[in-house]
Amino acid sequence: MEVDPVAEYMEEMTVEEEERCSTPKRDECRIRVMSAPPPPPRKKRFLGGKKREQPKNGYFQPPDLETFFAMAPRPACKLVRA
1 MEVDPVAEYM EEMTVEEEER CSTPKRDECR IRVMSAPPPP PRKKRFLGGK
51 KREQPKNGYF QPPDLETFFA MAPRPACKLV RA
(Lines of atoms letter the chains of each structure in order from A; the text may use other names.)
(Lines give C-alpha, C1' and ligand atoms only; values in the text may rest on other atoms or scores of the structure.)
Protein backbone atom coordinates (compact mmCIF):
# COMPACT_ATOMS: atom_id res chain seq x y z
CA MET A 1 0.00 0.00 0.00
CA GLU A 2 1.44 3.25 -1.12
CA VAL A 3 0.57 6.55 0.50
CA ASP A 4 -0.26 9.28 -1.98
CA PRO A 5 2.24 12.13 -1.39
CA VAL A 6 -0.24 14.75 -2.60
CA ALA A 7 -2.93 13.60 -0.17
CA GLU A 8 -0.40 13.51 2.65
CA TYR A 9 0.76 17.05 1.83
CA MET A 10 -2.84 18.35 1.68
CA GLU A 11 -3.59 16.75 5.05
CA GLU A 12 -0.53 18.45 6.59
CA MET A 13 -1.57 21.81 5.09
CA THR A 14 -5.11 21.58 6.50
CA VAL A 15 -3.76 20.71 9.95
CA GLU A 16 -1.38 23.70 9.82
CA GLU A 17 -4.13 26.03 8.61
CA GLU A 18 -6.44 24.89 11.40
CA GLU A 19 -3.74 25.58 13.97
CA ARG A 20 -2.96 29.07 12.62
CA CYS A 21 -6.39 30.58 12.00
CA SER A 22 -9.47 30.14 14.11
CA THR A 23 -12.66 32.02 14.77
CA PRO A 24 -12.85 33.66 18.20
CA LYS A 25 -15.45 31.91 20.32
CA ARG A 26 -15.63 34.18 23.39
CA ASP A 27 -18.94 35.88 24.17
CA GLU A 28 -17.44 39.36 23.79
CA CYS A 29 -16.42 38.54 20.19
CA ARG A 30 -19.83 37.31 19.07
CA ILE A 31 -22.36 39.38 17.17
CA ARG A 32 -25.31 40.11 19.39
CA VAL A 33 -28.75 38.98 18.30
CA MET A 34 -31.18 41.90 18.10
CA SER A 35 -34.70 41.26 19.32
CA ALA A 36 -36.28 44.01 17.18
CA PRO A 37 -35.03 46.07 14.23
CA PRO A 38 -33.94 49.64 14.93
CA PRO A 39 -36.53 52.41 14.43
CA PRO A 40 -36.61 54.18 11.05
CA PRO A 41 -34.83 57.53 10.79
CA ARG A 42 -36.96 60.56 11.57
CA LYS A 43 -37.77 63.15 8.92
CA LYS A 44 -35.96 66.44 9.24
CA ARG A 45 -38.03 69.47 10.08
CA PHE A 46 -38.82 71.79 7.19
CA LEU A 47 -37.15 75.10 8.00
CA GLY A 48 -38.07 77.02 4.83
CA GLY A 49 -41.67 77.74 5.80
CA LYS A 50 -41.16 81.47 6.34
CA LYS A 51 -41.30 83.84 3.40
CA ARG A 52 -38.45 86.26 3.08
CA GLU A 53 -39.07 89.92 3.52
CA GLN A 54 -38.79 92.09 0.43
CA PRO A 55 -35.71 94.30 0.23
CA LYS A 56 -36.14 97.76 1.77
CA ASN A 57 -35.09 99.56 -1.41
CA GLY A 58 -37.00 97.21 -3.71
CA TYR A 59 -35.57 94.94 -6.36
CA PHE A 60 -32.93 96.27 -8.74
CA GLN A 61 -34.34 96.81 -12.23
CA PRO A 62 -31.80 98.04 -14.76
CA PRO A 63 -33.27 100.06 -17.64
CA ASP A 64 -31.72 97.86 -20.37
CA LEU A 65 -32.81 94.51 -18.91
CA GLU A 66 -35.44 93.93 -21.62
CA THR A 67 -32.90 94.48 -24.41
CA PHE A 68 -30.57 91.93 -22.85
CA PHE A 69 -33.22 89.20 -23.06
CA ALA A 70 -34.67 90.30 -26.42
CA MET A 71 -34.29 87.69 -29.15
CA ALA A 72 -32.35 88.61 -32.26
CA PRO A 73 -34.23 87.99 -35.51
CA ARG A 74 -33.16 84.81 -37.26
CA PRO A 75 -32.23 84.91 -40.93
CA ALA A 76 -34.71 83.24 -43.25
CA CYS A 77 -33.86 79.73 -44.37
CA LYS A 78 -33.57 79.07 -48.08
CA LEU A 79 -35.46 76.12 -49.50
CA VAL A 80 -33.35 73.72 -51.52
CA ARG A 81 -35.18 72.11 -54.39
CA ALA A 82 -34.17 68.71 -55.55
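Residue numbers (full-length UniProt numbering): 1 to 82.
We treat Cβ as the ideally placed atom computed from N, Cα and C, and that holds for glycine.
A quick note: this is a predicted structure, and the numbers were derived from the prediction, not measured.
In this model, G48 and V80 are separated by some 57 Å (Cα to Cα).
Collapsing the DSSP output to three states places R52 in coil. For E66, the enclosing alpha helix (DSSP H) stretches over residues L65 to F69.
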